[in-house]
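Numbering (full-length UniProt numbering), first residue to last: 6 to 483.
Just so you know, even glycine gets a beta-carbon here, dropped at the ideal spot from N, CA and C.
Right, one structure below, let's go through it.
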Ligand code: NAD
């Protein structure tokens, strides 16, 4: 279904994120017939160039960042006809008049700020001063949304000075993933899971986002942030919210976000004993974290594992373990809901028996499976085994429908539709920082030094021990 006609202005339209994700994503939506004939995309960035040069640049980016076979020259050329460009100075006056002349009345106007957060205020102010934005316009901002509560509040204030909260779309691309939305469908569209979805039946939950890449060229930048700020405060927190929230009364933006906010506010402070931080060592395939960060003294974590507790009726006593890091064994993101064992086993003790687990896989192969116990086939008596009830999207939906839109393209279309459900509200982001800040301050006060781990492993020993002490174990990163 095509969305309404729009003018989408991408500030930072020549940058890495725009070339890698935003523009290829928009091309995909164009090919899917979702972009009305009059929709336009306007790149706005510092580079002095004309629209023709920009079109060439975007065509190159599509060829570079989309897999071969998923684009063709003809449709790329048609897509590029929708593009315009204006050289603009976010901090000065250059280009603003021209931009004001380009955007049209009577269409959805959206402004994607794919630039450093330090420019948000300048851009928001000029959008208004030059009459480019109006009370209906939408503004999209990228992570990082602050580096602590104070800076997040300042960013919210800068945006609020010119835009109403209902106009602000804070992107967390994890929320655009098909499986993440499916998590809500599975929880709230079935009767099967929700009655068991609490501390009485769930032993614990594991959320893992493991990456194989090093911090590489972004090392010096990453060193100022670390895994807690870069991944936990936003992406893992959002996943945790969707797993743990109460059923909203409607699938509507504020109903959903109110419930997520309650989860964040119910998070207990995390004691140092429940956190393990790590830094990768160097090996033949690459330098150590400290070398990548160009900081031989760095105390920033490239890995973190932690046990989190939610202080409310539903979750009291059920820990949620979070784990994320760089240069680990595999690129894998999943949520595993580990159910308790049946209260009494009529089959006696059986070696290696494990309970039901619902695994929600974000990558690779988005999908879900539920591990259930059955009888081992054959004449061997009543021996039990576990098998997965599997639902991989590719298998379940067939190749066409399984071609699920990338998170970015889905989210951009939601902006045009004016649907904020999958975007973070300002108070959510602030509450997440309010929980994160004291943890990070504690490390700084204690001058906490991360534990080293081998590249290609599943993280530092301490992370395994964290689970073992609780009589549990991490799911294997394969
Ligand atoms: P980039 O450095 O590649 O691009 C920056 C863009 O901003 C360029 O188009 C540049 O022309 C424009 N710009 C810079 N100063 C300007 C000014 N004064 N006036 C007008 N335009 C100006 O950055 P990026 O990697 O594309 O990241 C953009 C934003 O998105 C950052 O806030 C970043 O943290 C965030 N982000 C990036 C990624 C990613 O994968 N690259 C992922 C998540 C979030």
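Does the ligand NAD have a heavy atom nearer than 7 Å to the CB of residue 120? Against the chain shown, residue 120 aligns to sequence position 115. Indeed, a heavy atom of the ligand NAD lies less than 7 Å from the Cβ.
Classification of residue 157 by the beta-carbon crowding that lies within 10 angstroms, buried from 16 upward: Reading the chain shown from its first residue, position 152 is the one you call residue 157. Residue 157 is classed as buried because its beta carbon has at least 16 other beta carbons within 10 Å across all chains shown.
Span separating the alpha-carbon of residue 35 from that of residue 282: Start at 1 with the first residue of the chain shown, and residue 35 comes out as number 30. Start at 1 with the first residue of the chain shown, and residue 282 comes out as number 277. Distance from the CA of residue 35 to the CA of residue 282, rounded to the nearest whole angstrom, comes to 43 Å.
For residue 285, which residues does DSSP report across the bridge? Position 280 of the chain shown, counted from the first residue, corresponds to residue 285. Within the DSSP secondary-structure output, residue 285 pairs in a beta bridge with 458.
Is the closest heavy atom of the ligand NAD to the C-beta of residue 124 under 7 Å? On the chain shown, position 119 is the one that residue 124 refers to. Yes, the ligand NAD has a heavy atom inside 7 Å of this Cβ.
Report the start-end ranges of each beta strand (DSSP E) in the stretch 16-42 that is 3 residues or longer and not cut off at the edges. If we require 3 residues or more, the stretch 16-42 turns out to have no beta strand (DSSP E) run fully inside it.
Out of 48, 70 and 300, state which residue places its alpha-carbon closest to the alpha-carbon of residue 60. Within the chain shown, the letter at position 55 stands for residue 60. For residue 60, the nearest C-alpha among the options comes from 48.
Does DSSP classify residue 209 as helix, strand or coil? The count along the chain shown starts at 1 and reaches residue 209 at position 204. Strand at residue 209.
Taking the alpha-carbon positions, what's the residue 227 to residue 284 distance? Position 222 of the chain shown, counted from the first residue, corresponds to residue 227. Position 279 of the chain shown, counted from the first residue, corresponds to residue 284. When rounded, the distance between both Cα atoms is 12 Å.
C-alpha distance - residue 260 paired with residue 28, whole-angstrom precision: Sequence index remark: in the chain shown, residue 260 carries index 255 (1-based). Sequence index remark: in the chain shown, residue 28 carries index 23 (1-based). Roughly 31 Å between the two C-alpha positions.
Member of 410, 240, 274 and 74 whose CA lies at the smallest distance from the CA of residue 183: Counting from one through the chain shown, the residue named residue 183 turns up at place 178. Answer by Cα proximity: 410.
So, is the C-beta of residue 360 closer than 8 Å to a C-beta in chain C? Looking at the structure shown, chain C is missing, and only one protein chain is on hand.
Nearest neighbour of residue 213, chosen from 325, 251, 146 and 321 [CA to CA]: Taking the first residue of the chain shown as 1, we reach residue 213 at position 208. Nearest neighbour of residue 213 by Cα position, chosen from 325, 251, 146 and 321, turns out to be 325.
For the stretch 104-111 against the stretch 64-79, are there 3 or more C-beta pairs whose distance is under 8 Å? Inter-segment contact for the stretch 104-111 and the stretch 64-79 is absent: fewer than three beta-carbon pairs are separated by less than 8 Å.
Check whether the stretch 340-348 and the stretch 199-218 touch, using three or more Cβ-Cβ pairs below 8 Å as the test. Between the stretch 340-348 and the stretch 199-218, the count of C-beta pairs closer than 8 Å reaches three or more; the two stretches touch.
When you compare each of 249, 369 and 362 to residue 318 by their alpha carbons, which one comes out closest? By 1-based counting over the chain shown, the position of residue 318 is 313. Ranking the options by Cα distance to residue 318, first place goes to 249.
What are the start and end residues of the beta strand (DSSP E) that includes residue 308? Numbered from 1 along the chain shown, position 303 holds the residue referred to as residue 308. Where residue 308 is concerned, the enclosing beta strand (DSSP E) stretches over 308-313.
So for residue 368, helix, strand or coil by DSSP? Residue 368 sits at position 363 when you count from the first residue of the chain shown. Annotated three-state conformation of residue 368 is strand, per DSSP.
Count the other C-beta atoms from every protein chain shown that fall within 10 angstroms of the C-beta of residue 379, then say buried if there are 16 or more, exposed otherwise. Locating residue 379 in the chain shown gives position 374, where the first residue counts as 1. Under this definition residue 379 is an exposed residue.
Whole-angstrom distance between residue 231 and residue 456, CA atom to CA atom: Looking up residue 456 in the chain shown gives position 451. Looking up residue 231 in the chain shown gives position 226. Going from the Cα of residue 456 to the Cα of residue 231 covers about 14 Å.
Stretch pair the stretch 447-456 + the stretch 149-156: three plus CB contacts closer than 8 Å: No, because fewer than three Cβ pairs between the stretch 447-456 and the stretch 149-156 fall closer than 8 Å, the two stretches do not touch.
Can you tell me whether residue 180 sits near the ligand NAD, meaning its C-beta is under 7 Å from at least one heavy atom of the ligand? For this step, residue 180 is matched to residue 175 along the chain shown. With a threshold of 7 Å, the Cβ atom of residue 180 does not count as near the ligand NAD, since no heavy atom of the ligand is closer than that.
Continuous alpha helix (DSSP H) stretch holding residue 81: start and end: As a working note, residue 81 is residue 76 in the chain shown. For residue 81, the enclosing alpha helix (DSSP H) stretches over residues 78-85.
Please state the DSSP three-state secondary structure of residue 350. Your numbering for residue 350 matches position 345 in the chain shown. Reduced to three states, the DSSP call for residue 350 is coil.
What would DSSP say about residue 196, mapped onto helix, strand or coil? Taking the chain shown and counting its residues from 1, one reaches residue 196 at position 191. Coil.
Look at the alpha carbon of residue 252 and the alpha carbon of residue 180, and state the distance between them as a whole number of angstroms. Numbered from 1 along the chain shown, position 247 holds the residue referred to as residue 252. Numbered from 1 along the chain shown, position 175 holds the residue referred to as residue 180. If you draw a straight line from the Cα of residue 252 to the Cα of residue 180, it is about 17 Å long.
For the putative contact between residue 176 and residue 416, defined by C-beta atoms under 8 Å, what is the C-beta separation to the nearest angstrom? Here the question's residue 176 lines up with position 171 in the chain shown. Here the question's residue 416 lines up with position 411 in the chain shown. Rounded to whole angstroms, the Cβ separation of residue 176 and residue 416 is 6 Å, and the two are in contact under 8 Å.
Look up residue 298 in the DSSP assignment and say whether it is helix, strand or coil. Taking the first residue of the chain shown as 1, we reach residue 298 at position 293. In the three-state scheme derived from DSSP, where H, G and I count as helix and E and B as strand, residue 298 is classed as coil.
Return yes when the C-beta of residue 22 is under 7 Å from any heavy atom of the ligand NAD, and no when it is not. The residue labelled residue 22 in the question sits at position 17 within the chain shown. Because some heavy atom of the ligand NAD lies under 7 Å away, the Cβ of residue 22 counts as near it: yes.
Is it the case that the CB of residue 17 approaches a heavy atom of the ligand NAD more closely than 7 Å? For the purposes of this step, residue 17 is identified with residue 12 of the chain shown, where counting begins at 1. Yes, the beta carbon of residue 17 sits closer than 7 Å to at least one heavy atom of the ligand NAD.
Just to confirm, is the Cβ distance from residue 32 to residue 67 under 8 Å? Reading the chain shown from its first residue, position 27 is the one you call residue 32. Reading the chain shown from its first residue, position 62 is the one you call residue 67. Yes; because the gap between Cβ atoms is below 8 Å, this pair is in contact.
For a quick check, are the C-beta atoms of residue 85 and residue 63 less than 8 Å apart? Here residue 85 refers to the residue found at position 80 when the chain shown is read from its first residue. Here residue 63 refers to the residue found at position 58 when the chain shown is read from its first residue. Yes, Cβ-Cβ distance for residue 85 and residue 63 is below 8 Å.
Below 8 Å, can you find three or more Cβ-Cβ pairs linking the stretch 363-374 to the stretch 387-399? At 8 Å Cβ cutoff, the stretches touch.
Could you give the residue range of the beta strand (DSSP E) that holds residue 114? For the purposes of this step, residue 114 is taken as the residue at position 109 of the chain shown. Segment 113-118, the beta strand (DSSP E) holding residue 114.
Taking the continuous alpha helix (DSSP H) assigned at residue 258, which residues delimit it? Mapped onto the chain shown, residue 258 falls at position 253. Unbroken alpha helix (DSSP H) run through residue 258: 258-270.
By DSSP, does residue 57 sit in helix, in strand, or in coil? As a working mapping, residue 57 is identified with position 52 in the chain shown. In the three-state scheme derived from DSSP, where H, G and I count as helix and E and B as strand, residue 57 is classed as helix.
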